[in-house]
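Participant: Below is the structure I would like to discuss, written out as structure tokens.
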Amino acid sequence: MAGPGMAISSTALGQPRAALPPTSSNCRGRSYTTSSYTGSGPNKRSRSNSTSYTTTGTSYRSTTSNSRNKRVATPAQSTISGRKSRCTSSIGGSENHEIVCAITEARGVTPSVGIVFVNVSTGEANLSQICDTQFYIRTLHQITVYDPSRILLVSTTCPPNPASTLYSMICEAFPGTALQPLDRKYWSEQTGLDYLQNLAFRDDVEATKVAIEGNFYATCAFSAAMRFLDAEFSIRFAPHSLRIKYQSPEATMMIDLSAIASLELIQNLHHVKSKECLFGFFNQALTPMGSRMLRANILQPFTKPEDINPRYDALAELTTHEDMFHEVRKALHGFDDVEKLLTKLVLLPVQGSIYHSEQAINNILIVKKFVTSVAPVFESLLPAQCLLLEQIRNTCRPEVTQPIIGLINTVIDENATFVKAPLELRHQRTYSVKSNISGLLDVARKTYREGTEDLYEYVTELNTRLDVAGETKYDNTRKFFLRFRAADFEHRPMPDEFINRLRKKDFIECQTLRIVQLNQRISDSALDVVSQSDKVVSELLVEVRRFAPEMFKICESIALLDVLAAFSQIVTTREYVRPRLDGRMAIKAARHPILEGASSTAFIPNDYYATEQYRFQILTGCNMSGKSTYIRTAALMQVMAQIGCFVPAEYACFPIIHNLFSRTSTDDSIEANMSTFSVEMREMAFILRNINGKSLAIIDELGRGTSTRDGLAIAIAMAEALVQSGAFVFFATHFTDLAKILADRPGVLNRHLATETTLTDDNVPKMTMLYKLESGPVKEEGYGVTLAGAVGFPDHFLEVAEQVSSALREQAEAKKRSSGARKIVLKRKLILNLHEALQIAYSSEMDDGALAAYLRRLQGEFIQRMEENEAPEVETSEDDAEDAGDGRVIEVVSDSGSE
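Right under this line is the structure:
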């Protein structure tokens, strides 16, 4: 899949520029600035502002009719690229691509949306039909990922007609993208099927028809996109040359835009060009196709094990066979952006020109270079044993490439290669076609050769006659010209014969009247050669286009191999482990993939364990103790696991996640007149509307933007809703009361990041961040006051703060719950722990002896802790109650199961 980016003009596509009908220019949207943690130390980052990004704003709330009426589009003239979408800044638009999107929907409570993206630059079309929510979360996510340059909509849903909710949401979320209303006649299912029959690869037609069967709206959107390109820009594809794919909406993970930005998946928050982001870290790809596929995978990770496990197998084989890995990396060097080139071959020009003729010869030579370069890839994969690498090898086998090379060599000289220097490029266009194929071509080439020889003879005679040392140079603008050293004319004047003089540093460039005349003669003969060659090359192109499906499949295989090789490059230089796909998250000694490489000190690893019984984890701890890094690590490793990469840990097991949400920033939105708290509540409303049991959410410092009492109340209410959703949630907070209140809820687990407080020789408290995860809520009372003292706050202020803090603690102790209630909570948690431990033991691979020994140990520990809980003479403290439900039994099971 091609990554979205800036658009190219229709002229660059080889098509005449066409005037467009009025287009809809979007109205203002809302922009938000994000923040992240960076800085020194293994796990800590300082909070700072960063680049702004646009969120899918109206998806958080309903759109009223008044707001729709205000968003009236203004007519404007534009090229096919329209205007650049602002969403690119948030996800790092990386390519200069021309992408047209067509969207149509069924009206209803849960609308079905047909959405199609046609990438004119790489010759592919992606079709989807989404059963979306009323807030169009998946539709807006798809637009964000592809970042189209123009969006086509049914005219009845756009102003001056009453604007639909989808139109209003797109208008606000992507204010920089041109919206194009199209009449109903463009949206025809039968026309879409006809396009599919005529343009899809012959071998893929039937399979694509089966995939798209019943998806009426996707087929109609495909019809609108293709008819628009044909009618407005005369862009037509050769028969059976367009890569058409149907993408199931359930096949990939949905990552909301806030998570893409805050997790720095594609772009660093502080420095746009920095490689300190997940894409920059993994982008060891050697081909443009590989980089595009990697970016697309990160934005849309897989959700089907059958798509992920083959990548694990291939990666394991590449990392264990060093010779094959090095041969693969060596073979991938030197590939150009062949997808764009092949698209130029399959785009049919409406009207021929000298430019098209010149480019046709260049394209043929690039195709020859590409097909020739495939052989080393095939040879490098000969030792491969896993299924995925075998499939890539079979796609690149000589039986596929040799017919293409043989066909090209019948017309093109075998020694002709693609070059980039201007003069060599013109010689290449002149002599690429073999001799004796066309008599007129041979005569034109002889005239070109004679003209060139005459020019060099003239320059030699001129240098002798004027006693100068002029060099013959060439560029595309002036053609041939002379270059002299300026020092040669310090003590004598320039001859009057020299015209068109130009001083460049230590050189003087000029021409003579004779050179200008010879340039014209050579240029005329060169154009004659190109014109005569075009007749031969055009026939060759028709034959080469028949192999377009095979060449596009080779491109996709090269891109996939490049991504796997990039993963292998990182895995072989770091201690990464192959993850398992299971219903739980269990990671031992996990490390943040980006910070580990960016930090100069050793990263301190931590463990993760989350199951259905412990799906909501509350993280407390001192400021700068590593809470934000901890929860971000969980999300990043989940993405890595679902794109088919190994992860930085000693052991890793992951569930399959379908939705990833993030609420981590603490910035306001001045443009939208929204405070930090307003932005926070808006994003949380979005998460609560869309989260489900197949989701992962990371929440950082919820409710800190308002009063302490209201913030705690809101945080508790939203935490309760997140617990009931059944999603995996990592909730970092400074509200210690929240951890205590939710401690007895099923599925909740309290953790904290440890710190160590000591006194210096001057009796000044010193806090050391250990960056290690421990059970239960944070036990360090008044760590904020202690931290203030450690940074040199005045003593009298600290004394008052300590007195207030002690008074509040005494009030809280007076309201502690009864001992009987704590015992009930303890008993409930012990039983839940036992149930989870028995489930894991049932699915473990221990032999009978080890399993029996483990069950006896588990039984003894359970009985002991139940007796301790029931003992009437023992007064259980609140900290003991937290420790009883800290998942200790589960940790024992995890250790035993990994032996």
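Counting from 1, one number per residue, gives the positions in the sequence shown under the UniProt record's numbering.
Beta carbons: idealized from backbone N, C-alpha and C, even for Gly.
Nothing here was measured: the structure is a model prediction, and the numbers come from that model.
#1: Report the residue from R856, L838 and R828 whose alpha carbon sits nearest the alpha carbon of M866.
#2: Evaluate F735 with the Cβ neighbour count: other Cβ atoms within 10 Å of its Cβ, from every protein chain shown; 16 or more gives buried, anything less gives exposed.
#3: Cβ of Y448 within 8 Å of Cβ of S557?
#4: Less than 8 Å between the beta carbons of K209 and L229, yes or no?
#5: Kindly indicate which three-state DSSP category F498 falls into: helix, strand or coil?
#6: Confirm, please, whether the CB-CB distance from M637 to A590 is below 8 Å.
#7: Do you know whose CA, among D132, T104, R615 and E550, lies nearest T395's CA?
#8: In three-state terms, what does DSSP make of G644?
#9: Of the choices I130, N126, R107 and G123, whose alpha-carbon is the least far from that of G114?
#10: Going by DSSP in three states, K779 sits in which element: helix, strand or coil?
#11: Report yes if the CB atom of I687 is closer than 8 Å to the CB atom of F728, and no otherwise.
#12: Please state the DSSP three-state secondary structure of I570.
#13: Should A218 and V116 be called a contact, given that it needs their Cβ atoms to be closer than 8 Å?
#14: For D454 and E497, I'd like the C-alpha separation in whole angstroms.
#15: From S533 to E232, what does the alpha carbon distance come to, in whole angstroms?
#16: What does DSSP give as the partner residue(s) for G176 in the beta ladder?
#17: Expressed to the nearest angstrom, what Euclidean distance is found between the alpha-carbon atoms of A416 and F370?
#18: Identify every residue that forms a DSSP beta bridge with Y474.
#19: Which runs of the beta strand (DSSP E), 3 residues or longer, sit entirely within the region 187-226?
#20: CB-CB under 7 Å to A721, same chain, minus the five flanking residues each way: which ones, in chain order?
#21: DSSP puts K245 in a beta bridge; with which residues?
#22: Can you list, in chain order, the residues of its chain with a C-beta nearer than 7 Å to that of I366? Leave out the 5 residues immediately preceding and following it.
#23: D323 bridges to which residues according to DSSP?
#24: Return the chain-ordered list of same chain residues with a C-beta closer than 8 Å to the C-beta of V346, the five sequence neighbours on each side being excluded.
#25: Do you know how far the Cα of T156 is from the Cα of R71?
#26: Beta carbon of N750, beta carbon of K823: below 8 Å?
#27: In angstroms, rounded to a whole number, what distance separates the CA positions of N833 and I741?
#28: If I measure Cβ to Cβ from G703 and keep anything under 6 Å in the same chain, skipping five residues before and after, which residues do I get?
#29: With a 10 Å radius around its C-beta and 16 neighbouring C-beta atoms as the bar for buried, classify S90 as buried or exposed.
#30: Check whether the Cβ atoms of V536 and A285 sit closer than 8 Å, and answer yes or no.
#31: The alpha helix (DSSP H) that contains Y608, what's its start and end?
#32: Candidates S168, T708 and D183: which alpha carbon is nearest T177's?
#33: Nearest-angstrom Cα distance between I354 and R393?
#34: Of all the alpha helix (DSSP H) runs that stay within the bounds of the region 653-738, which reach a length of 4 or more residues?
#35: In terms of residue numbering, what span does the beta strand (DSSP E) encompassing H752 cover?
#36: For S675 and T343, I'd like the C-alpha separation in whole angstroms.
Facilitator: On the basis of the coordinates in this document:
#1: R828
#2: buried
#3: no
#4: No, Cβ-Cβ distance for K209 and L229 is not below 8 Å.
#5: When secondary structure is reduced to three states using DSSP, F498 falls in the coil class, being assigned neither helix nor strand.
#6: Contact annotation: A590 and M637 have beta-carbon atoms nearer than 8 Å.
#7: E550
#8: coil
#9: I130
#10: coil
#11: no
#12: helix
#13: yes
#14: Whole-angstrom Cα-Cα distance: 18 Å.
#15: In a straight line, the C-alpha of S533 is about 31 Å away from that of E232.
#16: Answer is none; G176 lacks a bridge partner.
#17: Straight through space, the alpha carbons of F370 and A416 are spaced by roughly 13 Å.
#18: F480
#19: none
#20: L688
#21: N126
#22: Cβ within range, chain order: D336, L341 and F418.
#23: According to DSSP, which records beta bridges pairwise, D323 is partnered with nothing at all.
#24: G123, F237, A238, S241, L242, R545 and A548
#25: Reliability fails at R71, whose pLDDT of 35 lies under 50, so the model's placement of it is uncertain and no value is given.
#26: no
#27: 19 Å
#28: Closer than 6 Å at Cβ, skipping near neighbours: G711, I714 and A715.
#29: Caution is warranted here: a pLDDT of 43 is assigned to S90, below 50, making its placement in the model unreliable, and the coordinate value is therefore given only provisionally. So S90 ends up on the buried side.
#30: no
#31: Counting along the chain, Y608 sits inside no alpha helix (DSSP H); it lies in the beta strand (DSSP E) bounded by residues N606 to A610.
#32: For the residues S168, T708 and D183, the minimum Cα distance to T177 belongs to S168.
#33: 39 Å
#34: 676-690 and 708-725
#35: V748 to L759
#36: 47 Å
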